[in-house]
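Below: one structure, written as structure tokens.
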RNA sequence: GGCGCCUUGGCGGAGUAGUUACGCAGCGGUCUGCAAAACCGCGUACACGGGUGCAAAUCCCGUAGGUGCCUCCA
């Protein structure tokens, strides 16, 4: 497949080192608070990447890290740790906070129908690996020690500015942050931070340099190496990571191993809400709970994510979510035809096997062309248009089933479940049909309401009712 | 100050030179116990000003507005 590559600034074919295996590392969440819709947008897009690789016959090995140790709130010496901050806010230890939100995140992955990553390593479970990598860097002469910790000397890594196309001369040091005057270069960053003297942190570990905690970037270098090797096929993360976090990861990993760190870099753009970026201060940190409280399904949310391209700055709004929910109902009604006897209109051509095959090919091509999900949904909508309820030929049988399986495999929208209906519900449907034949409208309407309250949508046709689960 | 990106119909959102993208919402009609659905039809979009081309939403220059990063951030 072809995917935009931040490293080369163009769309490149993905060429795995050991095809059909593809190694993928994703910068995961820092578990100090509830993730908002913007976080989930990003992660859903990596799930889509993995699903696409699978569908095209490759064997992805996907690792997403869980950052459960402090990234500092600011780069200044008095920086406060996010986890420690969260802990103070909630009257818990940093460990409790990390556990709670880590569990919540894992639950979210399931609720949103993610493929399960092969590994979800936590930073706190990999202290030895991180310390070892820092030692390697020290032995190779890439580090120096100052009052508050061990730092990476970026001037020793000449390619440092290349990845993010940074103009180091022109960057305004300390534009918004106090400068650490002990640092040799403005872009130098901490590998190991020493605990402040006389202060007991919730999270701290012994190290060759003293008691402290790992820097903000070393965990990704250490854990990706452990699980996926020195060179990754694909490394993914938010667009915001390009200038600092990923530049630093490259510097650390390539200095330590002497090999290229990742051949392909995928970055997702951020979303806006009311034309603003998501920020706690703006009060627009919408969560999955908010979505469900308004009566929208998480499948509808996933569809909303797919409606825009991962590299564009997309927008989230309740109106858009409403539109996605309505669109999803159409897909569900289409999918549920699979198990229903449908009389089609002789005047129109029924859905043909060829149409299903053509659609699947077109969708595969769109996905493999830099994950063009809007194009994918266009193709799916086109097919639904052809397969209106009077137009499905049951002879397509197995082809229809396998088409739906394909759609669910790549999009994760659970369309297969649209035809899940219990025997009890089936009986109610039959009872409603009998009531309609007897022109007992009030009873028929009662039964319809009963089914709708259970998530069963009903559409009457001249040849009987059809239904779908939404 | 530096480095980027964006501006498409009511909303969302593809498309990078030459056909209606598509979806949601809306409008008119057929059908209909009701509600839907289905079917037929409707909108003639591409920030503004120049330029190049037979041809530009699509390339180039400029203007305006917006926005991202340079700090933890998806």
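In the working numbering, the protein residues as written are 930 to 1399. The C-beta atom is built at its ideal place from N, Cα and C for all residues, glycine as well.
By the Cβ criterion, the region 969-977 is not in contact with the region 1022-1031, since fewer than three pairs of Cβ atoms, one from each stretch, lie closer than 8 Å. Exclusion of the five residues before and after residue 1172 leaves 1093 and 1095 as the residues of its chain whose Cβ lies within less than 8 Å of its Cβ. Comparing alpha-carbon positions, the option among 1186, 1206 and 1187 lying closest to residue 1168 turns out to be 1206. With 16 or more neighbouring CB atoms inside 10 Å of its own CB, residue 1197 falls in the buried class. As the crow flies, the alpha-carbon of residue 1261 is around 55 Å from that of residue 1123. Shown here, residue 1192 sits in a strand according to DSSP, grouped into three states.
Exclusion of the five residues before and after residue 1152 leaves 994, 1050 and 1055 as the residues of its chain whose Cβ lies within less than 6 Å of its Cβ. Between residue 1194 and residue 978 a beta carbon distance of about 12 Å is seen, past the 8 Å cut, so the two are scored as non-contacting. If you look at residue 951, you'll find it isn't in any alpha helix (DSSP H); it sits in the beta strand (DSSP E) that goes 950-955. Selection 1066, 965, 1113 and 1240 evaluated against residue 1218 yields 965 as nearest (Cα-Cα).
Proximity of the region 1131-1141 to the region 1154-1164 falls short of the contact definition, fewer than three beta-carbon pairs being nearer than 8 Å. Comparing alpha-carbon positions, the option among 1239, 1037, 1348 and 1147 lying closest to residue 1057 turns out to be 1147. Under DSSP, the beta-bridge partners assigned to residue 959 are 996. Comparing alpha-carbon positions, the option among 956, 1132 and 962 lying closest to residue 1018 turns out to be 962. Per DSSP, the unbroken alpha helix (DSSP H) holding residue 1024 starts and ends at 1023-1040. For residue 1079 and residue 1064, the gap between their C-alpha atoms comes out near 10 Å. Boundaries of the beta strand (DSSP E) harbouring residue 1164: 1161-1167, taken from the DSSP string. Taking 8 Å as the cut-off, the beta carbon of residue 984 is found no closer than this to the beta carbon of residue 1305.
For the pair residue 1236 and residue 955, the Cα-to-Cα distance works out to about 22 Å. Using a Cβ distance threshold of 8 Å, residue 1130 and residue 1142 count as a contacting pair.
In this structure, the alpha-carbon of residue 945 lies about 19 Å from that of residue 938. With contacts defined by Cβ atoms closer than 8 Å, residue 1350 and residue 1376 do not form a contacting pair. Residue 1163 is a Cβ neighbour of residue 951, given a cutoff of 8 Å. For residue 1147, the enclosing alpha helix (DSSP H) begins and ends at 1147-1157. Excluding its 5 nearest sequence neighbours in each direction, residue 1233 has C-beta neighbours in its own chain below 7 Å: 1249, 1250 and 1253, listed in chain order. Beyond the five residues adjoining it in sequence on each side, residue 1215 comes within less than 6 Å, by CB distance, of 965 and 966 in the same chain, given in chain order.
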